[in-house]
Amino acid sequence: MREKILTIIEKNSRIDMKELAVILGVEEIAVANELKAMEEEGVICGYHTMIDWEKTSIEKVTALIEVRITPQRGQGYDNIAERIYKYPEVNSVYLISGGYDLLVTLEGKSLKAVSSFVSDKLSTLDGVLSTATHFILKKYKDHGTILTKKYEDTREKVTP
39 MREKILTIIE KNSRIDMKEL AVILGVEEIA VANELKAMEE EGVICGYHTM
89 IDWEKTSIEK VTALIEVRIT PQRGQGYDNI AERIYKYPEV NSVYLISGGY
139 DLLVTLEGKS LKAVSSFVSD KLSTLDGVLS TATHFILKKY KDHGTILTKK
189 YEDTREKVTP
């Protein structure tokens with residue numbers, strides 16, 4: 039039942055508990071108890087709303103920052119990752135394979151604000167060797183949700 043609940047609420051965290059119980063074929067109290075247990079265990083870490091900021095008047099810039107670091111003896115990458123994720127601008131920090139060690143996603147009000155954060159705060163941390171900044175220009179799909187409509191050719195068809 040756990041896997042089914044997680045699969046459903048990952049796509050729609052606002053689903054009504056009664057509806058979830060019907061889908062699973064169990065009592066509503068069983069669903070409520072399972073959700074509570076998963077929250078207490080840290081399996082469910084939070085509930086989020088996905089917003090397409092391009093459809094608002096609010097200016098936001100999202101960037102992906104690749105960070106190469108020197109791991110610390112006995113700590114690995116954890117201490118530096120923790121220092122990075124404590125900044126409020128930072129949305130996520132991932133340990134990754136490849137040419138860089140960490141992938142950091144962050145938001146700012148402008149390209150300049152993000153660039154300043156990277157050069158003034160992120161790049162200057164002890165243990166950070168280098169960074170590479172990639173700005174997200176357009177989101178097509180995010181967290182499994184398609185954000186753009188399929189392009190439809192609206193030109194008039196010409197037939198001979």
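The sequence shown lines up with residues 39 to 198 when you count with my numbering. Think of the CB as a built atom: it goes at the ideal place given N, C-alpha and C, for glycine as much as any other residue. For clarity, every value in this text was computed on a predicted model and none was experimentally measured.
Could you say which of the options lies nearest to residue i if we only look at CA atoms?
{"i": "Ile96", "options": "Leu160, Lys147, Val166 and Val196", "result": "Lys147"}
{"i": "Val142", "options": "Asp158, Thr169 and Thr162", "result": "Thr169"}
{"i": "Leu144", "options": "Ser154, Ser135 and Tyr138", "result": "Ser154"}
{"i": "Leu175", "options": "Gly137, Gly63 and Glu92", "result": "Glu92"}
{"i": "Thr183", "options": "Asp116, Glu48, Arg40 and Met39", "result": "Glu48"}
{"i": "Leu167", "options": "Phe173, Ile118, Thr87 and Val69", "result": "Ile118"}
{"i": "Arg52", "options": "Val196, Pro198 and Thr87", "result": "Thr87"}
For residue i, which residues of its own chain have a beta-carbon under 6 Å away from its beta-carbon, when the five flanking residues on both sides are left out?
{"i": "Met76", "result": "Ile82"}
{"i": "Ala151", "result": "none"}
{"i": "Phe173", "result": "Ala101"}
Beta-carbon within less than 7 Å of residue i's beta-carbon, same chain only, minus the 5 sequence neighbours each way: which residues are those?
{"i": "Leu185", "result": "Asp90, Lys177, Tyr178 and Lys179"}
{"i": "Tyr132", "result": "Leu140 and Leu141"}
{"i": "Met55", "result": "Glu66, Val69 and Ala70"}
{"i": "Val156", "result": "Ile103, Thr169 and Thr171"}
{"i": "Tyr125", "result": "Lys159"}
If residue i sits next to residue j, beta carbons under 8 Å apart, how far is it from one beta carbon to the other, in whole angstroms?
{"i": "Thr171", "j": "Ala101", "result": "6 Å"}
{"i": "Ile107", "j": "Asp158", "result": "Their Cβ separation, rounded to whole angstroms, is 17 Å, which puts Ile107 and Asp158 out of contact at 8 Å."}
{"i": "Val105", "j": "Leu149", "result": "About 19 Å; that fails the 8 Å criterion."}
{"i": "Ile103", "j": "Leu73", "result": "The pair is not a contact, with the Cβ atoms about 34 Å apart (cut-off 8 Å)."}
{"i": "Met39", "j": "Leu62", "result": "6 Å"}
{"i": "Arg121", "j": "Leu163", "result": "6 Å"}
Which same chain residues end up closer than 8 Å to residue i when comparing Cβ atoms and leaving out the 5 residues on each side of it in sequence?
{"i": "Tyr115", "result": "Ile107, Pro109, Leu133, Asp139 and Leu140"}
{"i": "Val64", "result": "Met39"}
**Report entry** Contained alpha helix (DSSP H) runs [length at least 4] in the stretch 99-139, N- to C-terminal order
**Finding:** Runs found: 116-123.
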